[in-house]
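Residue numbers (UniProt numbering): 1 to 226.
Given below as structure tokens:
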């Protein structure tokens with residue numbers, strides 16, 4: 001179970017952030033370093049900032065920082081590679097985070113391949129499916145509508161407007177855990193596979209292969225649901 005932007009209690013009794021975060025683009029990312037604070041582009045932080053705060057500096061605390069978390073799926077490039085092609089040593093206002101992949105889920109939760117696949121909800125297309133029930137579908141913030149094999153309430157990453165078409169659970173219950181999108185996980189894996197292949201080709205040519213990298217360009221993030 002992944003609860004994005006959730007808090008736990010540390011050894012000293014102080015609240016600390018978990019490793020998973022839900023971004024405004026709708027993707028769920030993981031932070032693999034000590035600073036696990038939410039960023040400005042965490043969904044709940046952006047909503048809070050737009051509705052109640054006049055100054056972004058007020059977001060800075062031991063739970064929140066005034067930067068953005070890098071979305072490898074939106075940018076289409078792993079963070080470490082992104083750093084290499086930007087003109088700055090540290091991309092200003094952007095913090096390292098990792099896209100969710102099946103191998104990451106296996107490592108973090110100690111699950112085998114089949115159990116990890118069971119966590120993922122596939123894209124939904126066919127409403128004529130035998131035994132179809134709208135309560136098994138969920139519209140996620142990433143832009144995909146997915147099918148949940150088990151009947152469950154909406155998750156932390158379900159859309160608010162217009163909302164899930166089958167959101168008729170008792171009292172429209174919403175759980176704190178996220179519904180994992182199989183399509184987004186697959187696209188994150190493609191990002192890593194692409195750059196792994198590029199590194200292998202580069203190594204086989206003996207480095208840069210004598211080709212100049214030219215001016216450095218900064219990639220722009222894609223829209224959610226691409």
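Glycine is no exception: its CB is placed at the ideal position from the N, C-alpha and C atoms.
Quiz prompt | Local conformation of residue 119 per DSSP, three classes | solution = If you number the chain shown from 1, residue 119 lands on position 119. The answer is helix: DSSP assigns residue 119 an H, G or I state.
Practice problem: Please check the pair residue 22 and residue 16, which I expect to be a contact at CB under 8 angstroms, by giving their CB distance rounded to whole angstroms. | Solution: Here the question's residue 22 lines up with position 22 in the chain shown. Here the question's residue 16 lines up with position 16 in the chain shown. Wrong, their Cβ atoms sit about 17 angstroms apart, outside the cutoff.
Self-check item: Delimiting residues of the beta strand (DSSP E) encompassing residue 73
Solution: Residue 73 sits at position 73 when you count from the first residue of the chain shown. Segment 72-75 is the alpha helix (DSSP H) holding residue 73; no beta strand (DSSP E) there.
Self-check item: Paired residues, beta bridge with residue 174 - DSSP
Solution: Position 174 of the chain shown, counted from the start, is the residue given in the question as residue 174. According to DSSP, residue 174 bridges with 154.
Quiz item: Which partner residues of residue 138 appear in the DSSP bridge assignment?
Solution: Residue numbering aside, residue 138 sits at position 138 when the chain shown is read from its first letter. In the DSSP output, where bridge partners are listed per residue, residue 138 has 146.
Self-check item: Nearest to residue 162 (by Cα), restricted to the options 150, 176, 145, 151
Solution: By 1-based counting over the chain shown, the position of residue 162 is 162. The shortest C-alpha separation from residue 162 is found at 145.
Practice problem: Could you check if residue 26 is buried or exposed, using at least 16 other CB atoms within 10 Å of its CB as the buried criterion? | Solution: On the chain shown, residue 26 is found 26 positions in, with the first residue counted as 1. So residue 26 ends up on the buried side.
Quiz item: Quick check: the segment 138-156 against the segment 112-128, are there 3 or more CB pairs under 8 angstroms?
Solution: yes
Practice problem: Name the one or two DSSP bridge partners that residue 30 has. | Solution: Within the chain shown, residue 30 is the residue found at index 30, counting from 1. In DSSP, residue 30 forms a bridge with 20, 98.
Self-check item: Which of helix, strand or coil DSSP assigns to residue 69
Solution: The residue labelled residue 69 in the question sits at position 69 within the chain shown. Three-state result, residue 69: strand.
Self-check item: Extent of the continuous beta strand (DSSP E) run through residue 9
Solution: The count along the chain shown starts at 1 and reaches residue 9 at position 9. From DSSP, the beta strand (DSSP E) with residue 9 extends over 7-9.
Quiz item: What do you reckon, are the CB atoms on residue 96 and residue 112 nearer than 9 angstroms?
Solution: As a working note, residue 96 is residue 96 in the chain shown. As a working note, residue 112 is residue 112 in the chain shown. No, the pair does not count as a contact, with Cβ atoms beyond the cut-off.
Exercise. Tell me, please, which residues DSSP counts as bridged to residue 197.
Key: Sequence index remark: in the chain shown, residue 197 carries index 197 (1-based). Residue 197 pairs with nothing; no bridge assigned.
Quiz item: Three-state secondary structure (DSSP) at residue 184?
Solution: Counting from one through the chain shown, the residue named residue 184 turns up at place 184. In this structure, residue 184 counts as helix in the three-state DSSP scheme.
Exercise. List the DSSP bridge partners of residue 64.
Key: By 1-based counting over the chain shown, the position of residue 64 is 64. Bridge partners of residue 64: 38.
Quiz item: How about residue 46 and residue 24: do their beta carbons lie closer than 9 angstroms?
Solution: Looking up residue 46 in the chain shown gives position 46. Looking up residue 24 in the chain shown gives position 24. Yes, the pair counts as a contact, with Cβ atoms nearer than the cut-off.
Self-check item: Pair within 9 angstroms by beta-carbon distance, residue 135 and residue 149
Solution: Looking up residue 135 in the chain shown gives position 135. Looking up residue 149 in the chain shown gives position 149. Their beta carbons are not under 9 angstroms apart, which means residue 135 does not touch residue 149 by this criterion.
Quiz item: Once you ignore the five residues that flank residue 7 on each side, which residues in its own chain have a CB closer than 8 angstroms to its CB?
Solution: Within the chain shown, residue 7 is the residue found at index 7, counting from 1. Contacts found: 15, 16, 17, 18, 63.
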